[in-house]
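What follows is one structure encoded as structure tokens, with my remarks underneath.
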Amino acid sequence: AGEMVEFASGVKGIALNLENENVGIVVFGSDTAIKEGDLVKRTGSIVDVPAGKAMLGRVVDGLGVPIDGRGALSDHERRRVEVKAPGIIERKSVHEPMQTGLKAVDSLVPIGRGQRELIIGDRQTGKTAIAIDTILNQKQMNSRSTSESETLYCVYVAIGQKRSTVAQLVQILSEANALEYSILVAATASDPAPLQFLAPYSGCAMGEYFRDNGMHALIIYDDLSKQAVAYRQMSLLLRRPPGREAFPGDVFYLHSRLLERAAKRSDQTGAGSLTALPVIETQAGYVSAYIPTNVISITDGQICLETELFYRGIRPAINVGLSVSRVGSAAQLKIMKQVCGSSKLELAQ
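So the mapping is simple: our numbering equals the position in the sequence shown, first residue as 1, plus 1414.
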């Protein structure tokens, strides 16, 4: 399972179900050209995507194929989409700050390089805005950095979003000259479910290139609720037994194996890091639903956004009482600790 196959029409797919009589394959593309009796070839390879600095400034689909009309990718290596997360010995505790540029976040729920911090809230509460602000803030941080080990590269994975939203995002980043250190992976709402399922893993493989070569990267998954829905569609079509909210039983593993790949590496393995900001959309503020609780339990803290605060003009609409960073002041500079140390206590009173 997990091997790439190719249909007679040239469309690729991945084998997910291996049964006695048949093989369940999900298709990365249009299924209209596939008909009964077609020949399906094994490729002998697991799904892989291009990675490397040649990807910076480009917009690619879930399989790493450029969709920005700027021609083929130049010099790059290929990396497997599904790899095991680094083990315990290869890791180091998070201790360097990853500045978002938002005072409410950097002071009260600080994020460190190598951390996984969930951004959770209803639709239209500014979840993507926090993620984009974080990418834009790296512009001045990177321009001040003196070495490669300080620069933070960004990977933005758009899952199930409108094409117009992705185009708007590309425009915002290019106008701010932020595309030069960013990679965009887009599996839009009109793309098949298998591509929406695969895109986060593809983006993660691209981010891991920086992590494993002693550099630092930030990856944003916007949003993982849509990936879970795409995975549910695939699983139900493959006749896998449904569980709670009709999601398959391994939907927790779907997200845990993805988010565990964001890590801070030890000095012996290059001291690189991959920081993850997964986004989850809630329905009417219901944080106790299946997918939100799953992802909250996997991540190292969450930033909770509320519609009410947003409409009151408090933006970013962060509910500081519900938001938490499990890394805490370890991810802050000494001067930041001195300034913000008392603010949490004052808020609590």
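In this text, a Cβ means the ideal position worked out from N, Cα and C, and glycines have one as well.
Query	Result
Contact the region 1668-1686 vs the region 1595-1608: 3+ CB pairs below 8 Å	no
Beta-carbon gap between C1568 and L1632 smaller than 8 Å	yes
Three-state secondary structure (DSSP) of R1505	strand
T1579 - containing alpha helix (DSSP H), residue span	1577-1589
CB-CB length for A1676 against G1528, believed under 8 Å	7 Å
Inter-stretch contact (C-beta, 8 Å, three-pair minimum) for the region 1417-1437 and the region 1455-1475	yes
Endpoints, alpha helix (DSSP H) assigned at E1722	1721-1725
For N1551, three-class secondary structure by DSSP	helix
Residue from H1490, V1474, R1493 whose Cα sits closest to the Cα of R1484	V1474
Top-ranked residue by Cα proximity to G1540, from V1580, E1564, Q1552, I1717	I1717
CB of G1755 within 8 Å of CB of S1739, strictly	no
Any beta strand (DSSP E) of 3 or more consecutive residues that is wholly inside the region 1450-1481	1454-1460, 1462-1465
Reduced DSSP category for N1708 - H, G, I as helix; E, B as strand; rest coil	helix
Under 8 Å between C-beta atoms of L1430 and V1441	no
Enclosing alpha helix (DSSP H) for A1600 [first to last residue]	Element bounds for A1600: not the alpha helix (DSSP H) but the beta strand (DSSP E), 1596-1601.
Burial state of Y1595, where buried means 16 or more other Cβ atoms lie within 10 Å	buried
With 16 other Cβ atoms within 10 Å as the buried cut-off, status of H1509	exposed
Unbroken beta strand (DSSP E) run spanning D1636, endpoints	1630-1636
Cα-Cα separation between A1642 and G1476, rounded to whole angstroms	15 Å
Exposed unless 16 or more other CB atoms sit within 10 angstroms - verdict on Y1433	According to the sequence displayed, residue 1433 carries Glu and not Tyr. So E1433 ends up on the exposed side.
Nearest-angstrom beta carbon gap, Y1667 and I1573 [assumed within contact, 8 Å]	Contact flag wrong, Cβ pair sits at about 18 Å.
Residue range of the unbroken alpha helix (DSSP H) whose run includes Y1667	1665-1673
Meets three-Cβ-pair contact criterion under 8 Å: the region 1532-1547 and the region 1694-1704	yes
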